[in-house]
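First up is the structure itself, then whatever we jot down about it.
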Amino acid sequence: MARTIVIIGGSAAGMGAAGAAQQVDPDVHVIIYTELADVGYSPCGIPYVHGKEIDSFDRLILQGKEFYADRGFDIHYETVVSGIDTKRHTIDVPGEGSVGYDQLVIATGFKYEQPKVPGSDLGNLYYVRDIRAAQRWDKILDSVHHAVIADAQPIGVEMATALAHRGIETHLVDPHPWPMAEITDPDIMEPVEESWRELGVHLHLNTRIDAFLGTERVQAVRTSNGDIAVDMVVVGTKKLPNNDLAAAAGVKCGSTGGLIVDEHMRTSVPDVFAAGDCVEVPQGTTGVPVQGLSGSHAYAQGKIAGSGAAGTLRSYSPVYVPWGLVAGKWMVGGVSFGETLAGALGIPYVKGVAEGISRARYYPGFKKIRVKLLAEPGTLKLIGAQLVGGEGIKERCDFLAMAARKGLTLHDIAWMENVYSPAMGALAEPMALAAQNGLTAVQS
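Heads up: the sequence shown at position 330 corresponds to 329 in numbering that gives the first Met the number 0, and the numbers run straight through without jumps.
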């Protein structure tokens, strides 16, 4: 008899698990439960549709529902799983009763941290996640003149840029001295702040939100520096693991609130795997658990979980967390630690910083790039990086994450080979320049 794998969640981790399970065992019966009306779309693209860089939400849907039906996936849309009985190997689904499984994959994703201020239950507070809700909100945006972004976490940063592109008077309110202050450094975000001001974004940093004001809908935001009249608020708070269901079933959570998994994405409960924003995984340099990473991490974790659930254990390595996004007119990105985070964790480092360009200076359209590398004192092994520039950030972050994973040093990066083509890359690679400056600083 074919095994039954139940997957709770239909985003990147859940659909990655479904595909991997079927690849390992073509006869497996895959049942997917999702609270949403769609699976397999890209929520990361929503801000770019709102900002009109992408012309349609349809482009965010990777495959139609018929595709998954033809593959034999039994998907239950807009269906809530109310409980898990790990001893009986069943889940509880209102309207369907108990559904049995041989293996279970929990891919319940994240929930936004709720603002703990009066008025958080008012209408016109927008949480960016569900594509159907985003389509409704996109129509509302046509009549919005004034908006507040509550918190400059990554989604808030992307939405501030999107609303500015939309021509909406946008106020970004955050309690920290610079945007994304918990993961970025001020020198990296400084050009972003300048470009936001050029786009007309009003920055309210070192500013606390005290209340959302209104009757049925939010009409103003009360801050520690005064009230801001608004038509809507985008809540850009932290992503928290959505683990109430799993925790109630006795699956162990870790220090971040994410589910504890081993390298095979197995949880503390036999025959239960987990992946995506609901789990925590070790950071490669420190071993410290981290949670709430990117869609690429979630998809890769889902592939490991689905493969294991179908009978073939594969391993997921500790992460070095390459990340990047568009903020204002710039791209920003990094790997593991910047100076701010390393300092907060008490991690010693030496650094090398350089300003470079993305193409030959005489080639039209070259962009500036600032690269900061952090290395371990003594060994000079790369432990982190932060970058800001007009292009080429993603590729460099990918490379630097692999460099950290493989133990490359500032010496290795300083004298790396690089492509020189006027239209594609400058003679002097900015990463190499940063590493050379780091070596000079150490030797002086």
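For every residue, glycine included, the Cβ atom is placed at its ideal position computed from N, Cα and C.
Annotated three-state conformation of V320 is coil, per DSSP. Classified as exposed, F66 has fewer than 16 neighbouring CB atoms from the shown chains inside 10 Å of its CB. When C-beta atoms of the segment 8-16 are compared with those of the segment 266-276, three or more pairs fall below 8 angstroms, so the two segments count as touching. When DSSP reads this structure, V334 sits in a beta bridge with P321, A384.
Annotated three-state conformation of I412 is helix, per DSSP.
Exposure of W414 is indicated by the presence of fewer than 16 other C-beta atoms within 10 angstroms of its C-beta. Three or more beta-carbon pairs separated by less than 8 angstroms link the segment 315-329 to the segment 151-160, which places the two stretches in contact.
For the pair A19 and S295, the Cα-to-Cα distance works out to about 15 angstroms. Setting aside the 5 residues that flank it on each side, G213 is surrounded in the same chain by L121, each with a C-beta closer than 6 angstroms to its C-beta; the list follows chain order.
Around the CB of L426, fewer than 16 other CB atoms lie within 10 Å, so the residue is classed as exposed. The Cβ neighbour count for G50, taken over all protein chains shown within 10 Å, is at least 16; the residue is labelled buried.
Scanning its chain for C-beta atoms nearer than 6 angstroms, with the 5 sequence neighbours on each side dropped, one finds around Y40 the residues L59, I60, I130, in chain order. By the criterion of a C-beta distance shorter than 8 angstroms, E189 is surrounded in its chain by W177, once the five residues flanking it on both sides are discounted. In the structure shown, P176 adopts coil according to DSSP, grouped into three states.
For L198, the enclosing alpha helix (DSSP H) begins and ends at 185-198. Judged by DSSP in its simplified three-state form, K64 adopts helix. When the beta-carbon positions are compared, T236 and S223 stay at least 8 angstroms from each other.
Proximity of the segment 226-244 to the segment 111-121 meets the contact definition, three or more beta-carbon pairs being nearer than 8 angstroms. Beta-bridge pairing by DSSP links L372 to G351, A384.
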